[in-house]
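For reference, the structure discussed in these notes is given below.
Protein chains in written order, with my numbering: chain X, 2 to 328; chain Z, 3 to 318.
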């Protein structure tokens, strides 16, 4: 996020009219948002972490045939494995890759170990290291120091990390984590308004930092709501309008993962993915079957199945929206 | 950081009634359990009541949830995705599984969790690893073998939070399969720092965490001696000290009085099976059971209901 905050764009509270009009142009559809901000060679940070992941956006990137991508990340699951298997990604910087606790990332392993479909370069950090690289990016600093990763091989193999002695005299060694500045952050949230105020229910992971560290941010949301609606619970807004460039309403945008308060994870779906992605031919068939425009994808999953996932989530986390928290 | 650990005063592996799912004779030794279940129970018992426990995905989450639902109801579970104090009514599929939101005390971000971790806020952490050496240094990044980091023999998932947990948690429990190739004289890549090359090294570096305190496997439970060397403390029923030695590459140190690991109780095993109704964790990775979506969702909903009912009764 390198945009300066322009005071003139601050909405006029009294009238409420400024809210809805100034940033209308941010509202777009998923296909256009990806076409505009994700091009060959882009670096991308995805939000969520085995929950609230922007899976629909990643499938759209695969559908558009984008290549040469760098993924700057914390921990990443199915969407990365799909993108790597489809040949979209050249490099991964982050802390953890897999597809879920029930399966390894078969495509990721195949790319790293065997160069299929081509080599994936890995640059490891710890989880705190990944938070701090986005923090450094968000703060526009050359580094943030930590004690994590000291005396291990993580800084040995990741040339971006530097170990120094505390220059202020404590004598402590510290690892310097440089900033991550993705070209685009793609974050899926429960609700967002046309201005780009994104509200997150449940855990936040590193999404608030990724949006700030990135040059551009796409927010996909379960529900596009009015700015008045956002104002009712401002404490839920973790990503402010000035960090956001595009807003697209994408219901079930995290399927097959969870979206807190909306739907539970479709375990049999990604379990099948884990099985089929073990074999290259079967994975390519899976791609053929499931990489399609999002509305067709949802139709193929089936309305009944999606309703069941919503029912499951309501059963454990009560509300389907922010204000209904008391069931 | 108000509530500090009561570690040390806490009980031995629980002998009081552990019976949240209402089985008969819950305190008796289970007559039917798998080694994976024993592993999960042994790791759960490493968490003392009242502790704040930092847990990762998979088996460590299972053990944390088992502890919370059995002998350590007042432990608080922390996950790196941002949840603190969750009371999940079942197995957690991923680190942001929405059931971690159930009755949680805090839903925040990952950076904040690790800030607290680095300051020493968490008593115990549980991690997994692909390789470990005699000083508890672990590798969860890559089995390099004769190859290179860039194109390793086996690419593992990576650190996740394991490096941060091992650096800064009060003590760390490592859960692993006991295999000779994994208990190695030298790990291919140090992902998380154990007791490093000499005793006292961690203090020199300014680490607040004590490092590895226990290693729990499907054959045995290990501690660490004052030199920071791994020490065999108990073997599981039917496993001899020599059996364990066979699965360790270095000259293993063995406690003077190696005992048998306490077996799981009927209550603990029943609880584990209720937590993981679809056998996702206990049957191992890539296990795909042959039921359709509908049967899966019904099974999971039934078990959530069962566990929630129990929780609500005991809470009030």
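Even for Gly, the Cβ is constructed at its ideal location relative to N, Cα and C.
- In this structure the stretch 122-129 of chain Z lies against the stretch 165-177 of chain Z, because at least three pairs of beta carbons, one per stretch, are closer than 8 Å.
- Using a CB distance cut-off of 7 Å, residue 172(Z) does not count as an interface residue toward chain X.
- Taking all protein chains shown into account, residue 76(X) has 16 or more neighbouring C-beta atoms within 10 Å of its C-beta and is therefore buried.
- Within the stretch 49-68 of chain Z, contact with chain X at the beta-carbon level (separation under 9 Å) is assigned to 59, 60, 61, 63.
- Using beta-carbon distances, residue 259(X) counts as an interface residue toward chain Z, with a partner under 7 Å.
- In the three-state reduction of the DSSP assignment, residue 131(Z) falls in the coil class, being assigned neither a helical nor a strand state.
- Proximity to residue 97(X) across 72(X), 307(X), 250(X) peaks at 72(X), based on C-alpha coordinates.
- Within the stretch 127-148 of chain X, the residues whose Cβ lies closer than 9 Å to any Cβ of chain Z are, in chain order, 127, 128, 129, 130, 131, 132, 133, 135, 136, 147, 148.
- Here the alpha carbons of residue 83(Z) and residue 96(Z) stand approximately 10 Å from one another.
- Closer than 9 Å at the C-beta level to chain Z, one finds these residues of the stretch 51-66 of chain X: 51, 52, 53, 54.
- For a Cβ distance threshold of 8 Å, residue set 95, 96, 99, 100 of chain Z lies close to residue 266(X), ordered along the chain.
- Shown here, residue 154(X) sits in coil according to DSSP, grouped into three states, outside any helix or strand.
- The straight-line gap separating the alpha-carbon atoms of residue 252(Z) and residue 187(Z) is approximately 6 Å.
- The Cβ of residue 304(X) sits no closer than 7 Å to any Cβ of chain Z.
- Residue 274(Z) has its alpha-carbon roughly 40 Å from the corresponding atom of residue 88(X).
- For residue 68(X), the closest C-alpha among the options 36(X), 110(X), 143(X), 136(X) is that of 36(X).
- Taking a cut-off of 8 Å on C-beta distances, the stretch 39-49 of chain Z touches the stretch 62-69 of chain Z, as three or more cross pairs fall below it.
- Judged by DSSP secondary structure, residue 224(Z) falls within the beta strand (DSSP E) whose first and last residues are 222-226.
- At least one C-beta of chain X is nearer than 7 Å to the C-beta of residue 165(Z).
- Taking 7 Å as the cut-off, the Cβ atoms of residue 270(X) and residue 252(X) do not count as close.
- By the neighbour-count criterion, in which a residue is buried when 16 or more other Cβ atoms sit within 10 angstroms of its Cβ, residue 272(X) is buried.
- Put simply, the backbone Cα of residue 120(Z) is about 8 Å away from that of residue 149(X).
- Contact note: residue 120(Z) reaches chain X through 129, 147, 148, 149, using a C-beta cutoff of 8 Å and chain order.
- Put simply, the backbone Cα of residue 27(Z) is about 41 Å away from that of residue 166(Z).
- For the stretch 203-219 of chain Z, the residues whose beta carbon sits under 7 Å from a beta carbon of chain X are, in order, 207, 208, 209.
- Looking at the DSSP output, residue 111(Z) bridges to 206(X).
- Unbroken alpha helix (DSSP H) stretches of 4 residues or longer found wholly inside the stretch 190-274 of chain X: 208-214, 228-233, given in chain order.
- A direct Cα-to-Cα measurement between residue 294(X) and residue 65(Z) gives close to 40 Å.
- The beta-carbon of residue 206(X) is placed less than 7 Å from the nearest beta-carbon of chain Z.
- Nearest C-alpha to residue 239(Z) among 39(Z), 29(Z), 24(Z): 39(Z).
- Only exposed fits residue 66(X), as fewer than 16 other CB atoms lie within 10 angstroms of its CB.
- DSSP places residue 83(Z) in no beta strand (DSSP E); its state is neither H nor E.
- For residue 37(Z), the enclosing alpha helix (DSSP H) covers residues 37-46.
- Shown here for residue 318(X): same chain residues with a beta carbon closer than 6 Å to its own, the five before and five after excluded, namely 262 in chain order.
- Cβ contact annotation for residue 309(Z) (same chain, cutoff 7 Å, sequence separation greater than five): 91, 92, 276, in chain order.
- DSSP, reduced to helix, strand and coil, places residue 97(X) within a strand of the structure shown.
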